[in-house]
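Under the working numbering, the sequence shown is numbered contiguously, ending at residue 232.
No residue lacks a Cβ here, since even glycine has one placed at the ideal position from N, Cα and C.
From a predicted model like this one, the values you see are computed outputs, not experimental measurements.
First comes the structure, then the notes that go with it.
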Amino acid sequence: MTTTTLPTTPTAPSSHGLQLDMFAEAARDERAHAERTTGVPRLYALRCTTIADYEHAMAQWRKAWPDLACLRDSHGWHVAIGEYASSREPTDTCIPITLQTDLRCNRTSHRGCLCVGDLVSRSFCRGCGWHSEVVGDDTDTDAALLGLDHCFPGWRDDPIVPSVPYDDGPKRRTRRNWETTVTELHGTERPQGYPMITRRGPHGWRAVPGRSLWGGYDVAAETLGR
């Protein structure tokens, strides 16, 4: 009787074959996505006068093409992720908010691709509907600074103040002392949405919305060259 000896270790598939399969799958995904998005309108050029109008346009787009990625495939403007806690309501005075859009093509490869290929931002004024120029800044800080220049001329010359205290006791004495210090350094009451300038050190220079004493941006002095 003939005895068959089985291999003691499994035979690994060819890595070359796996690579070919991966490339073929990626190519199929690209073709499928191109077919699905043919004729679908892009919202990048849409210019609205309120945040609600931008949100309505995005909602209508999402309703018409529910199987697509609304932010990435529509290229529509939306409130930046970092502004999730910011009010979207129109205001009587100029207060900025940052909008963002994704111009990447949503393909696994950019071979032969002509897309702009970036996350871009712009500032929008909730008071008068003003829009800043488009800036290619992943942190959206540059756009926020443009909005502050529009809404609060001269703010860049304000004094540098201490950062917001994080560790406070039940009586909030640290917070109250900080508020007193900031108010004294500014020497005057500021309007709602006004920014403050703080010293950050070597890291973390993003303009943080809603963290100033008046509910505006906390801006790193380093981004202003100070």
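- Excluding its 5 nearest sequence neighbours in each direction, residue 205 has C-beta neighbours in its own chain below 7 Å: 166, 227, listed in chain order.
- Under the DSSP definition of a beta bridge, residue 106 partners with 84, 127.
- Collapsing the DSSP output to three states places residue 57 in a helix.
- Proximity of the stretch 70-82 to the stretch 46-56 meets the contact definition, three or more beta-carbon pairs being nearer than 8 Å.
- Shortest Cα-Cα distance from residue 126 to any of 172, 99, 77, 176 involves 77.
- In this model, residue 87 and residue 210 are separated by some 17 Å (Cα to Cα).
- Nearest C-alpha to residue 94 among 145, 220, 200, 135: 135.
- According to the DSSP secondary-structure assignment, residue 224 is paired through a beta bridge with 202, 214.
- With fewer than 16 other CB atoms across the displayed protein chains lying within 10 angstroms of its CB, residue 172 is exposed.
- Using a 10 angstroms sphere on the CB of residue 213, the tally of other CB atoms reaches 16 or more, which defines it as buried.
- Within a 10 Å sphere around the beta-carbon of residue 106 sit 16 or more other beta-carbons, which makes this residue buried.
- Between residue 196 and the set 221, 207, 178, 170, the nearest pair of CA atoms involves 221.
- CA-to-CA, the gap between residue 109 and residue 131 works out to about 22 Å.
- Taking C-beta separations shorter than 7 Å and ignoring five residues to either side along the sequence, the partners of residue 146 in its chain run 86, 88, 104, 106, 127, following chain order.
- By the 16-neighbour rule on beta-carbons within 10 angstroms, residue 225 is buried.
- The three-state secondary structure of residue 188, taken from DSSP, is helix.
- In this structure, DSSP gives residue 209 a state outside helix and strand, which the three-state scheme calls coil.
- Under a 10 Å Cβ-count criterion, residue 124 is classified as exposed, with fewer than 16 other Cβ atoms of the shown protein chains found around its own Cβ.
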